[in-house]
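Here the sequence shown is numbered in my numbering, starting from 143 and rising by one per residue.
Just so you know, even glycine gets a beta-carbon here, dropped at the ideal spot from N, CA and C.
Input: a single structure, listed below in structure tokens.
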Amino acid sequence: MSPARPEPASAASPRLSIKADQFTESVIREMTRLALKHNAVNLSQGFPDFPAPAEIKRAAQEAIAADVNQYAITWGAKKFRDAIAQNFERTQGVSVDPEREITVCCGSTEAMISSMLGIINPGDEVVVFEPFYENYGPDAILSGAKPRFVKLRPPDWSFDPDELAAAFGPATKAIILNTPNNPTGKVFERSEFECIRDLCVRWNAFAVTDEIYEHMVYDGARHISMATIDGMRERTITINALSKTYSVTGWRVGWAIAPPDVSSSIRKVHDFLTVGAAAPLQEAGAVALHSPPEYYATLAREYTARRDRLLEILTGAGFRCFKPRGAYYIMTDISAFGFPDDVTFAKYLVTDIGVAAVPGSSFYRDPAEGRTHLRFTFCKTEKTFQAAAERLAKLRPAK
Ligand SMILES: Cc1ncc(COP(=O)(O)O)c(C=O)c1O
Numbered sequence: 143m144s145p146a147r148p149e150p151a152s153a154a155s156p157r158l159s160i161k162a163d164q165f166t167e168s169v170i171r172e173m174t175r176l177a178l179k180h181n182a183v184n185l186s187q188g189f190p191d192f193p194a195p196a197e198i199k200r201a202a203q204e205a206i207a208a209d210v211n212q213y214a215i216t217w218g219a220k221k222f223r224d225a226i227a228q229n230f231e232r233t234q235g236v237s238v239d240p241e242r243e244i245t246v247c248c249g250s251t252e253a254m255i256s257s258m259l260g261i262i263n264p265g266d267e268v269v270v271f272e273p274f275y276e277n278y279g280p281d282a283i284l285s286g287a288k289p290r291f292v293k294l295r296p297p298d299w300s301f302d303p304d305e306l307a308a309a310f311g312p313a314t315k316a317i318i319l320n321t322p323n324n325p326t327g328k329v330f331e332r333s334e335f336e337c338i339r340d341l342c343v344r345w346n347a348f349a350v351t352d353e354i355y356e357h358m359v360y361d362g363a364r365h366i367s368m369a370t371i372d373g374m375r376e377r378t379i380t381i382n383a384l385s386k387t388y389s390v391t392g393w394r395v396g397w398a399i400a401p402p403d404v405s406s407s408i409r410k411v412h413d414f415l416t417v418g419a420a421a422p423l424q425e426a427g428a429v430a431l432h433s434p435p436e437y438y439a440t441l442a443r444e445y446t447a448r449r450d451r452l453l454e455i456l457t458g459a460g461f462r463c464f465k466p467r468g469a470y471y472i473m474t475d476i477s478a479f480g481f482p483d484d485v486t487f488a489k490y491l492v493t494d495i496g497v498a499a500v501p502g503s504s505f506y507r508d509p510a511e512g513r514t515h516l517r518f519t520f521c522k523t524e525k526t527f528q529a530a531a532e533r534l535a536k537l538r539p540a541k
């Protein structure tokens, strides 16, 4: 007779991940769930409520009909990687080898975490501008990096070069950049890049740049890729995606461009995280990336009009707005409404007024720093703006 197996010591659940314990669910995505629950106009999460281009949708349908239904090459279908390389050369003048320098991932979200996991070692630090797109916090925790935050200060969201220099040191592995920037709408200038470049070179650090809003620039602002700055081509990981430019956030197709040795590390992580991005959608992505120049000009023009429309609505309702030069968000100051903090105000807005926005604290390490801010997105139709305007008209700034 075999011996009886020992009983477990206690009926409590096994211990959960210490890493996962250090961050909460996404506040941005929680606001979308609240918007649905309260039937509110959703100006929180950055996804367009208008259709994606017909030609790109047709290309995806045709790829499925033609049975492009099995795994693509793990680092991306050749046709799509070729299109990414041609697109980068056309828009930024940077030539990259699609065979060795591109990894296609499940959205830029996966491109970012695969890149971080591909370069970070225990004890490494990453410099992050604050306010930051909320994913970068958990990305740092999951990859084991210690974040060093550097402030972008309103109204123009500039940084202090001395503060930035003080954040770099022998433990710095990378700086994470996002330009055009979510949530501030800042578009980094060449002189700022050169200042960052000098520090990356001095401390032998990477720049990981999230350029997902590259085509959403306004008032003559120009998007510059960090990889074009002298001395940065070899130490930059450029992250991008189909999500925002082609209004297909649900497709989950993005990529990382990096020198061959860095790409080989990213590719390994990516392979074991997800194997690959949806094969038929990569076929459609190749079509998307060959869109004519007018497509991008129209996109920027239409987003300028949407930005101006939302600025008018929010200003009319009593918000102080920081006018964005890029991306598709408006950061606001809510001090005039007299609420104790951003989360209380955001909850009141969604439940009593019927409009969802993102509390500013979700973009800061210390929630107190975002307590006077709320972020609204303008990737929406006129119908949505109209509904938001009607509801926000009920708001009253405190006397
Ligand atoms: C700065 C930034 N990076 C990445 C993402 C997510 O991109 P993707 O849908 O390609 O994963 C977003 C979405 O809002 C974003 O604002």
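Where does residue i sit, in a helix, a strand or coil, going by DSSP?
i: V238; result: coil
i: G327; result: coil
i: G249; result: helix
i: T523; result: coil
i: F301; result: coil
i: D450; result: helix
i: Y471; result: strand
i: A308; result: helix
i: K386; result: coil
i: N229; result: helix
i: V183; result: strand
i: A529; result: helix
i: E199; result: The amino acid occupying residue 199 in the given sequence is Lys; Glu does not appear at that position. Note: K199 maps to helix in three-state DSSP.
i: I314; result: Checking the sequence, you will find Thr at residue 314 rather than Ile. Strand.
i: M143; result: Residue confidence for M143 is low, a pLDDT of 46 falling below 50, so the modelled location carries little weight and cannot support an answer.
i: V343; result: helix
i: G279; result: helix
i: I366; result: coil
i: E167; result: coil
So what does residue i bridge to, in DSSP terms?
i: R175; result: Its beta-bridge partners do not exist; DSSP assigns none.
i: E272; result: K293
i: D352; result: N320, I381
i: K288; result: E267
i: V485; result: Paired residues: none, contrary to the question.
i: A219; result: DSSP output for A219 lists no bridge partner at all.
i: P501; result: L516
i: V359; result: G468
i: R462; result: D475
i: I244; result: I399
I need the straight-line Cα distance from residue i to residue j, nearest angstrom please.
i: G260; j: R513; result: 34 Å
i: T251; j: V390; result: 14 Å
i: C342; j: E334; result: 12 Å
i: I399; j: A349; result: 12 Å
i: V497; j: L534; result: 7 Å
i: L516; j: V210; result: 43 Å
i: P289; j: S257; result: 15 Å
i: S285; j: L537; result: 43 Å
i: D494; j: V183; result: 12 Å
i: L491; j: L294; result: 27 Å
i: K489; j: T166; result: 18 Å
i: G218; j: P273; result: 32 Å
i: E276; j: I283; result: 12 Å
i: A313; j: R375; result: 21 Å
i: I160; j: G279; result: 15 Å
i: A530; j: P190; result: 15 Å
i: V595; j: V417; result: The chain is shown only over 143 to 541; residue 595 falls outside these bounds and no answer can be derived.
i: S405; j: V329; result: 26 Å
i: A177; j: L185; result: 9 Å
i: G458; j: R451; result: 11 Å
For residue i, which residues from the same chain have a beta carbon less than 8 Å from its beta carbon, with the 5 sequence-adjacent residues on both sides left out?
i: Q528; result: none
Please go through the same chain and pick out, in chain order, the residues whose beta-carbon is closer than 7 Å to the beta-carbon of residue i, but skip the five residues on each side of it.
i: P296; result: F464
i: A469; result: P322, N323, N324, G327, Y355, M358
i: N229; result: L431
i: L453; result: C463, K465, I472
i: V429; result: E197, I198, A201
i: F487; result: I476, F479, F481, L516
i: E336; result: I371
i: A540; result: A478, F479, G480
i: A426; result: I198, A201, A202, A205
CB-CB under 6 Å to residue i, same chain, minus the five flanking residues each way: which ones, in chain order?
i: I226; result: I244, W397
i: Q234; result: S367, T370
i: F291; result: V270, E272, R507
i: I381; result: S250, A253, M254, D352, A398
i: D281; result: M254, I255, M258
i: A420; result: none
i: E231; result: S237
i: T387; result: H357
i: A214; result: G418, A421, Q424
i: W345; result: F310, T314
Measuring only between beta-carbons, confirm whether residue i sits less than 8 Å from chain B.
i: M173; result: Considering every chain present, this structure includes no chain B. It has just one protein chain.
Say yes only if the C-beta of residue i is nearer than 7 Å to one or more non-hydrogen atoms of ligand 2, and no if none qualify.
i: N229; result: Looking for ligand 2 in the displayed structure turns up nothing; the ligands present are ligand 1.
(Q) At 4 residues or longer, what runs of the alpha helix (DSSP H) sit wholly inside the stretch 390-447? (A) Taking only runs of at least 4 residues, the alpha helix (DSSP H) segments lying wholly in the stretch 390-447 are 402-416, 421-431.
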